[in-house]
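Peer 1: Residue numbers (the UniProt record's numbering): 1 to 84. Next up is a structure, given as structure tokens.
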């Protein structure tokens with residue numbers, strides 16, 4: 001908070017370079033708090049889709065289901081022990 005107060009105490013105008021330095025010094029890159037992961041219970045060939053009667057819907061459901069591994073994220077080890 002001290003650094004932020006010092007930054008905004010300049011009469012209301014914040015220099016772009018000073019703001020950029022503040023952000024780079026106090027924040028991580030976007031998305032850095034999450035890591036990709038593989039769901040432990042993911043089955044790429046889940047048999048439940050065979051109960052879908054329409055072949056095109058069945059194929060669509062299978063393709064959608066196969067996207068799960070690309071969506072799975074877990075909290076990065078760097079952030080797991082940070083208490084706010």
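Here a beta-carbon is modelled for each residue, glycine too, at the ideal position from N, C-alpha and C.
Compute the Euclidean distance between the alpha carbons of residue 34 and residue 69, then round it to the nearest angstrom.
Peer 2: Approximately 14 Å between the Cα atoms of the pair.
Peer 1: By how many angstroms is the C-alpha of residue 45 removed from the C-alpha of residue 58?
Peer 2: Whole-angstrom Cα-Cα distance: 12 Å.
Peer 1: Let me know the secondary structure DSSP gives residue 35 once reduced to three states.
Peer 2: Looking at residue 35 - three-state DSSP - the assignment turns out to be strand.
Peer 1: To the nearest angstrom, how far is the alpha carbon of residue 25 from that of residue 43?
Peer 2: Distance between the alpha carbons of residue 25 and residue 43 is about 42 Å.
Peer 1: In angstroms, rounded to a whole number, what distance separates the CA positions of residue 27 and residue 38?
Peer 2: One C-alpha to the other measures close to 27 Å.
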